[in-house]
Amino acid sequence: SRPLAFLALWAAGLAVLAPILGTAFALAAGAAVVMILARRAVRTPPVPRRDPHWDRFRRGIVPNAAGITAIAVLTNADVITARLVLHGRSAGLFAAASAIGQGLFLVPQVYTTLVLPRIAQRTSVGRGSASLAAIGVATTLATGIAFAVLARPLGVIVMRLTYGSAFDGAGRVLPFYAGAMAFMGCVIVLLYQQLGRRDFRYSWWLLGVAGIQVAVLATVARSTSVIIAVDLACALLAIVIHELLARGTGERLIDGLRRSA
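Heads up: take any position in the sequence shown, counting from 1, add 26, and you land on our numbering.
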């Protein structure tokens with residue numbers, strides 16, 4: 027509904043407000059649909075506060091928030107750094123490439139939304155979820171690599187159509203940024219795998235990786251290539267940490283790849 031709302035509001039003459047009001051309309055429409063679909067659940071009596079399910083939910087709030095906060099930092103600190111340390115034009119080109127490249131996160135976000143209940147269900151009956159994580163990682167990487175390959179010849183065209191010819195330079199940054207974000211998308215999949223298993227150690231480790239990213243960016247980031255390299259290095263570090271934490275549990279990414287194969 028968002029594009030239709032954009033067009034209607036733009037036709038009504040609300041040029042600047044059209045994106046804001048169009049997004050608000052789409053969110054309200056989505057909330058209304060959810061309430062209609064969940065109307066029976068809304069009328070269900072709440073879970074008693076002494077119920078073990080409530081206690082498990084309460085204990086998981088802070089670790090969940092820590093992991094999601096870590097992802098937010100890992101995927102946004104680079105743009106903030108670019109704004110602070112790069113020349114005005116270079117910062118704008120980096121921000122434009124980031125706006126397009128982070129569209130890759132739709133793949134892991136949609137995938138984890140679909141499989142998170144299945145991961146939790148498998149965990150509750152003592153089954154592994156590594157194969158589900160492996161499929162998500164493979165899908166995310168395949169999409170990211172395809173995007174980066176296509177962005178080599180088409181990146182400048184995409185930026186010109188989106189932002190105008192002044193942003194042609196962002197098209198040359200886009201393939202490399204997309205490659206780094208593909209690995210960052212894999213980290214999103216792995217985080218939600220661990221949250222679904224109620225193993226919250228990875229959330230805290232990711233928060234540490236986010237702190238490392240901020241510290242390194244503040245220390246050495248002086249060019250676009252260095253910022254992208256730091257993003258990639260932090261994503262790879264987070265993947266390695268996942269494999270080390272899951273060692274001996276059968277929940278490593280490599281275990282899931284073996285089972286899927």
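Built from N, CA and C at the ideal position, the CB exists for glycine as well.
The continuous stretches of alpha helix (DSSP H) do not include residue 113, and DSSP gives it neither H nor E.
In the structure shown, the three-state DSSP call for residue 90 is helix.
Check the Cα spacing between residue 135 and each of 56, 208 and 32: the tightest is with 208. 160 is the residue among 160, 148 and 30 whose C-alpha sits nearest the C-alpha of residue 287.
Counting along the chain, residue 225 sits inside no alpha helix (DSSP H), nor does DSSP assign it H or E at all. The residues 52 and 55, in chain order, have a CB closer than 6 Å to that of residue 27 in the same chain once the five nearest residues on each side in sequence are set aside. Inter-segment contact for the segment 177-186 and the segment 196-216 is present: three or more beta-carbon pairs are separated by less than 8 Å. The alpha-carbon of residue 45 is positioned some 6 Å away from that of residue 32.
Spatial neighbours of residue 262 in its own chain (CB-CB distance under 7 Å, excluding positions within 5 residues in sequence) are listed in chain order as 209. Residue range 132-150 is occupied by the alpha helix (DSSP H) that includes residue 143.
Contact check for residue 212 against residue 163 passes: the beta carbons are separated by less than 8 Å. Linking residue 123 to residue 69 through their CA atoms gives a straight-line distance of about 46 Å. Close CB contacts of residue 258 within its chain, under the 8 Å cut and outside five residues either way in sequence, are with 205, 206 and 209 (chain order).
When the Cα atoms are used, residue 104 and residue 38 turn out to be separated by approximately 37 Å. Apart from sequence neighbours up to five positions away, the residues of its chain that approach residue 170 with a beta-carbon distance below 7 Å are 130, 204, 205, 207, 208 and 211, ordered along the chain. In the structure shown, the three-state DSSP call for residue 162 is helix. Scanning its chain for C-beta atoms nearer than 8 Å, with the 5 sequence neighbours on each side dropped, one finds around residue 265 the residues 209, 212, 213, 216 and 279, in chain order. In the DSSP annotation of this structure, residue 277 is not part of any alpha helix (DSSP H), being labelled neither H nor E. Between residue 224 and residue 201, the C-beta spacing is not below 8 Å. Segment contact: the segment 82-102 against the segment 218-238, three or more CB-CB distances shorter than 8 Å; contact assigned.
Under the 10 Å beta carbon count, residue 281 is surrounded by 16 or more other beta carbons and is classified as buried. With a cutoff of 8 Å on beta-carbon distance, residue 222 and residue 142 are scored as near each other.
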